[in-house]
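Shown next, in structure tokens, is the structure this report addresses.
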Amino acid sequence: MKIDEARNYHKIDTVIVGAGLAGLRAALEVAKSGLAAAVISKVYPTRSHSGGAQGGIAAALANVSEDSLESHMFDTIKGSDYLADQDIIERFVNEALKTVYEFEHMGVPFSRTEDGRINQRPFGGHSSPRACFAQDVTGHVLLHTLYEQCLQHNVLFFNEFQVLSLLVSEDVSRGLVAWDIRSGGLHIFQARAVLLATGGYGRAWKVTSNAHANTGDGVALVLEAGLPLEDMEFVQFHPTGLYKHGILLSEAARGEGAYILNDKGERFMKTYAAAKMELAPRDVVSRAEQTEINEGRGIGGKDYVYLDLRHLGREKILERLPQIYDLALNYLKVDGIKEAVPIQPTAHYSMGGIPANVRTEVIKDAAGTVVKGLYTAGETSCLSLHGANRLGTNSLQDAATFGRIAGIHMTEFCRGNSFAGLPAKPLEVAQGKIDRLWNGQGKERHAPIREKLQENMTKYLGVFRNQDDMLKMLVMIKELQERYRQVTVDDHGDAFNLDLIEALELENLLSFSEVIVEGALARQESRGAHFRSDFPKRNDGEWLKHTLAWRRDGKIVLDFSKGVVIYPQYQPQERKY
Amino acid sequence: MAMIDISAKILRYQPGKDEKPHWQVFDIAVEDESTILDVLNEIHWQHDGTLAYRRSCRSSICGSCAMKVNGRNVLACETPIHRFGRKLKIEPLSGFDIIKDLAVDLDPFFAKLKRIKPYLLLDKPLPDKEFVQSPAQLEAIGESTLCILCAACSAACPSSWPNSEYLGPAALLKAYRFIFDSRDDGADQRIEIVNDKNGVWRCHTIFNCMEACPKKIKITEYLSRLKVKVVENSL
Numbered sequence: 389m390k391i392d393e394a395r396n397y398h399k400i401d402t403v404i405v406g407a408g409l410a411g412l413r414a415a416l417e418v419a420k421s422g423l424a425a426a427v428i429s430k431v432y433p434t435r436s437h438s439g440g441a442q443g444g445i446a447a448a449l450a451n452v453s454e455d456s457l458e459s460h461m462f463d464t465i466k467g468s469d470y471l472a473d474q475d476i477i478e479r480f481v482n483e484a485l486k487t488v489y490e491f492e493h494m495g496v497p498f499s500r501t502e503d504g505r506i507n508q509r510p511f512g513g514h515s516s517p518r519a520c521f522a523q524d525v526t527g528h529v530l531l532h533t534l535y536e537q538c539l540q541h542n543v544l545f546f547n548e549f550q551v552l553s554l555l556v557s558e559d560v561s562r563g564l565v566a567w568d569i570r571s572g573g574l575h576i577f578q579a580r581a582v583l584l585a586t587g588g589y590g591r592a593w594k595v596t597s598n599a600h601a602n603t604g605d606g607v608a609l610v611l612e613a614g615l616p617l618e619d620m621e622f623v624q625f626h627p628t629g630l631y632k633h634g635i636l637l638s639e640a641a642r643g644e645g646a647y648i649l650n651d652k653g654e655r656f657m658k659t660y661a662a663a664k665m666e667l668a669p670r671d672v673v674s675r676a677e678q679t680e681i682n683e684g685r686g687i688g689g690k691d692y693v694y695l696d697l698r699h700l701g702r703e704k705i706l707e708r709l710p711q712i713y714d715l716a717l718n719y720l721k722v723d724g725i726k727e728a729v730p731i732q733p734t735a736h737y738s739m740g741g742i743p744a745n746v747r748t749e750v751i752k753d754a755a756g757t758v759v760k761g762l763y764t765a766g767e768t769s770c771l772s773l774h775g776a777n778r779l780g781t782n783s784l785q786d787a788a789t790f791g792r793i794a795g796i797h798m799t800e801f802c803r804g805n806s807f808a809g810l811p812a813k814p815l816e817v818a819q820g821k822i823d824r825l826w827n828g829q830g831k832e833r834h835a836p837i838r839e840k841l842q843e844n845m846t847k848y849l850g851v852f853r854n855q856d857d858m859l860k861m862l863v864m865i866k867e868l869q870e871r872y873r874q875v876t877v878d879d880h881g882d883a884f885n886l887d888l889i890e891a892l893e894l895e896n897l898l899s900f901s902e903v904i905v906e907g908a909l910a911r912q913e914s915r916g917a918h919f920r921s922d923f924p925k926r927n928d929g930e931w932l933k934h935t936l937a938w939r940r941d942g943k944i945v946l947d948f949s950k951g952v953v954i955y956p957q958y959q960p961q962e963r964k965y
Numbered sequence: 075m076a077m078i079d080i081s082a083k084i085l086r087y088q089p090g091k092d093e094k095p096h097w098q099v100f101d102i103a104v105e106d107e108s109t110i111l112d113v114l115n116e117i118h119w120q121h122d123g124t125l126a127y128r129r130s131c132r133s134s135i136c137g138s139c140a141m142k143v144n145g146r147n148v149l150a151c152e153t154p155i156h157r158f159g160r161k162l163k164i165e166p167l168s169g170f171d172i173i174k175d176l177a178v179d180l181d182p183f184f185a186k187l188k189r190i191k192p193y194l195l196l197d198k199p200l201p202d203k204e205f206v207q208s209p210a211q212l213e214a215i216g217e218s219t220l221c222i223l224c225a226a227c228s229a230a231c232p233s234s235w236p237n238s239e240y241l242g243p244a245a246l247l248k249a250y251r252f253i254f255d256s257r258d259d260g261a262d263q264r265i266e267i268v269n270d271k272n273g274v275w276r277c278h279t280i281f282n283c284m285e286a287c288p289k290k291i292k293i294t295e296y297l298s299r300l301k302v303k304v305v306e307n308s309l
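If you want it as structure tokens, here you go:
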């Protein structure tokens, strides 16, 4: 039987991997143009981790105080520690207002000012109240609204499909192969344009705010396809992860006025960022917290500090921060109205990812050569909008805005390009992965390997890094990759084989983690979220450039020839808050 | 933190292998602060890789892990085991076909959502900026927008069990959310959909949905307001 007659073969204009904000926004744009948009997601779309975003979406609406696009642009540049590409930021702030108004017109239930306009709250690193919010469930309402819009516009959904290989050759994207989680079986998707919007890669850490699904599948697939990744060493640690669980307590708490306290009851941010205090950017606050903990001023000398909401009062907490209140109560039995909440830094946001240009086209080298028909947007992409550190509320805006931009360019591309041919054996790579896990002779299980990786990434690749630790981590990753070859799964069934999926995800975690460590080892400076105790200063002379990384012949190859786009009026300065 | 011994009885079903669902007991040691999800992970990762269940965010917002524990519908991720003691009985949500073990087929659930047209229907032109909506107007729908579509409500609803055509509490709550949105012009269209024996009138105000809702949404109350609206509309 020929492939194009097979039951599990789909030929669709655009195939979008990931049903978070970026993927759905792109799909909506394509579907509205009349072309077919298929969204492939490993979870039901409303389960996507965009829904976990709490505090807001950034746009200089100036609804509650003066604001400007220039200010949003400068704050984002400074927040990025000057590593972000300023042409990307310019496009971003110019589209941000439109994105928010569009959401409002779709029906997003934004919290309101007294005069009925979208309410805005302060957020770390932003110089005006710029976070448009819906209580502390902003990502949730944006995600659900977008999903509903996609239902209205007949986007095709392939829910619970795991992508196993990209069909890319001769710099042209042809489609991809995915495993049907629910029923089993491989499916071939042939598409004119493919969007990778698979979210972040925070599951490589043990203490993380990320969902189980955030295993960096998109970045691992790109690496496997022989394409580069960018700035993977830049991973943001959020200062207010719920102690022991790592799950997110929104920066909105501090936006509304919450304090962070050490064991002595001091608002210790006065030592680290006297002007902005708790509303300094996340990299700064996380380092301050970790320093307090390392120097014995964690609560009771332990590895956590306090987020104190009490002075905000019951009414404000329940009106503005109900989710945070519930999370502390349900998970730690801490009543945030009466008690301070234990918190610790938690791996949160992936600044690095798949390199792409301002049109969201995936590029394959420092010169910007485009892979035809392949696009990326949202957390999995590296445009680079966030540089070395992202500001809170810029992520939802990033995902939605560049999701829309991706949709526009994919539509345009489809109008001018027919389907590229499939390779002779499209299923080969994907089938090989499944066969090895099902039919291999090894006795390793995936869980112990994953646990060892995560524990040690938290230990060695955390808020503070140094060469010795990272070399240990690199050796360990190689060992774990070796052990992975012996992994087989208990479950040999077709239906909802979680065992198989987790084993496949582990291969991805092990693959991109090596890139993170190699990049972090090579970058002998401290910039944004990447802090080297052995190189504690930013070094613009040598390191004001992006990291590109490929896997070639089993080894990670780094390239630092991709410069940073810097406008004359926004030259790097010392970064103080 | 201390380790305790627990006994978790889990309803297992693998299509093609099992004729019908059956119970399997796992006697394991877990930390006393564990959640139901921690227990499932422990079993899946250390004891039996073939166990299937859904989970993602771990923070009560994605809605993946709704299941029945000791007779109550809960989100596994946010539910500590101490709520139930050391004997756990874990089974999939009722009223849905089982795909495998604790994972059920939610396609019919999501299809119902689509039936009520869950998007603003506008006759008026779009403003340059945002629609004006007062805090009081928002308040009318605010709580209903917290729904995470976990299906715990529908699975707890006795009116839903025998009748797969019934829209069920989640879709009706969504209808409420749009009909009562001050920006929306599509109330008539949606009222026509819910004014049906398989719409609001199949709700017999049993309150199970409200009790089951992990987001504590007063679903039954909103459905009652929806009924009043439907009646008013026909007068």
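Taken in sequence, the protein lines are chains F and R. For the first sequence, the tail end lands on 965 under our numbering, and the numbers increase by one without skipping. For the second sequence, the tail end lands on 309 under our numbering, and the numbers increase by one without skipping. Ideal Cβ placement from N, Cα and C applies to all residues, glycine included.
Inset, instruction - Determine the chain R residues that contact Ser437 (chain F) at a beta-carbon separation under 8 Å, and present them in chain order. - result: Reading off the sequence, residue 437 (chain F) comes out as His, not Ser. Within chain R, the residues near His437 (chain F) are Ser130, Cys131 and Cys136.
Inset, instruction - For the stretch 901-923 of chain F, enumerate the residues whose C-beta is nearer than 9 Å to any C-beta of chain R, in chain order. - result: none
Legend entry - Through-space distance from Pro710 (chain F) to Asp258 (chain R), alpha-carbon basis: 26 Å
Legend entry - Collapsed DSSP secondary structure at Glu116 (chain R) in the structure displayed: helix
Legend entry - Meets three-Cβ-pair contact criterion under 8 Å: the stretch 147-167 of chain R and the stretch 110-130 of chain R: yes
Inset, instruction - Measure the alpha-carbon distance for Asp691 (chain F) versus Gln732 (chain F) and round it to whole angstroms. - result: 7 Å
Inset, instruction - Please confirm if the stretch 203-222 of chain R is in contact with the stretch 272-292 of chain R, defined as three or more CB-CB distances below 8 Å between the two stretches. - result: yes
Inset, instruction - Show which residues of chain R have a CB atom less than 9 Å away from the CB atom of Glu502 (chain F). - result: Ser208 and Pro209
Legend entry - Residue nearest to Gly974 (chain F) in terms of C-alpha spacing, selected from F:His437, F:Tyr397, F:Ile400 and F:Glu417: Shown here, chain F extends from 389 to 965; a query on residue 974 (chain F) therefore has no answer.
Legend entry - Distance, Leu297 (chain R) Cα to Ala229 (chain R) Cα: 17 Å
Legend entry - Through-space distance from His880 (chain F) to Asp179 (chain R), alpha-carbon basis: 20 Å
Inset, instruction - Decide yes or no for the touch test of the stretch 602-611 of chain F against the stretch 584-593 of chain F: beta carbon pairs closer than 8 Å, at least 3 of them. - result: yes
Legend entry - Members of the stretch 628-644 of chain F near chain B, C-beta cut-off 9 Å: In the displayed structure, chain B is absent; the protein chains listed are F and R.
Inset, instruction - Pull up the distance between the alpha-carbon of Met739 (chain F) and that of Gln578 (chain F), whole angstroms please. - result: 30 Å
Legend entry - Cβ-based neighbour list, Gln957 (chain F), same chain, cut-off 7 Å, excluding 5 preceding and 5 following: none
Inset, instruction - Would you kindly work out how many angstroms separate the C-alpha atoms of Asn777 (chain F) and Leu636 (chain F), rounded to a whole number? - result: 17 Å
Inset, instruction - Could you say if the stretch 660-672 of chain F and the stretch 777-792 of chain F meet the contact criterion of at least three C-beta pairs nearer than 8 Å? - result: yes
Legend entry - Ser516 (chain F) beta carbon less than 9 Å from that of Ala448 (chain F): yes
Inset, instruction - Could you list which residues in chain R have their beta carbon closer than 9 Å to that of Arg833 (chain F), in chain order? - result: Trp119, Gln120 and Gly123
Legend entry - Spatial distance of Leu530 (chain F) from Cys131 (chain R) (CA atoms): 16 Å
Legend entry - Listed by chain order, chain F residues near Arg257 (chain R) by CB distance under 9 Å: Glu492, His493 and Gly495
Legend entry - beta strand (DSSP E) runs wholly inside the stretch 406-463 of chain F, at least 3 long, in chain order: 425-429
Inset, instruction - Check His934 (chain F) in the structure and name its three-state DSSP category. - result: coil
Inset, instruction - Within the stretch 208-242 of chain R, note down every full alpha helix (DSSP H) run reaching 4 residues or more, in order along the chain. - result: 209-216 and 226-230
Legend entry - Distance CB(Cys313 (chain R))-CB(Met141 (chain R)) smaller than 9 Å: The requested residue 313 (chain R) does not occur in the structure, where chain R is confined to residues 75 to 309.
Inset, instruction - Tell me, please, whether the CB atom of Ala728 (chain F) is closer than 9 Å to any CB atom in chain R? - result: no
Legend entry - Cβ distance (whole Å) where Arg562 (chain F) is taken to contact Pro811 (chain F) below 8 Å: 7 Å
Inset, instruction - In the DSSP assignment, find the beta strand (DSSP E) that holds Glu105 (chain R) and state where it starts and stops. - result: His96 to Glu105
Inset, instruction - State the start and end residues of the unbroken beta strand (DSSP E) segment that holds Lys690 (chain F). - result: Per DSSP, Lys690 (chain F) belongs to no beta strand (DSSP E) and is neither H nor E.
Inset, instruction - Take Arg702 (chain F) and list the residues in its own chain whose beta-carbon comes closer than 7 Å to its own, dropping the five residues that flank it on each side. - result: Ile725
Inset, instruction - Quick one: measure Cβ to Cβ for Arg570 (chain F) and Ile173 (chain R), integer angstroms, because I've assumed they're closer than 8 Å. - result: 6 Å
Legend entry - Within-9 Å CB hit, His460 (chain F) to chain R: no
Inset, instruction - Verify whether the separation of the beta carbon atoms of Ala601 (chain F) and Lys430 (chain F) is less than 9 Å. - result: yes
Inset, instruction - Specify the secondary structure class of Ile712 (chain F) as computed by DSSP and reduced to three states. - result: helix
Inset, instruction - Mark Leu773 (chain F) as exposed unless 16 or more other C-beta atoms lie within 10 angstroms of its C-beta, in which case mark it buried. - result: buried
Inset, instruction - Just confirm the distance between the C-beta atoms of Leu534 (chain F) and Leu412 (chain F), as a whole number of angstroms; I'd bet it's less than 8 Å. - result: 4 Å
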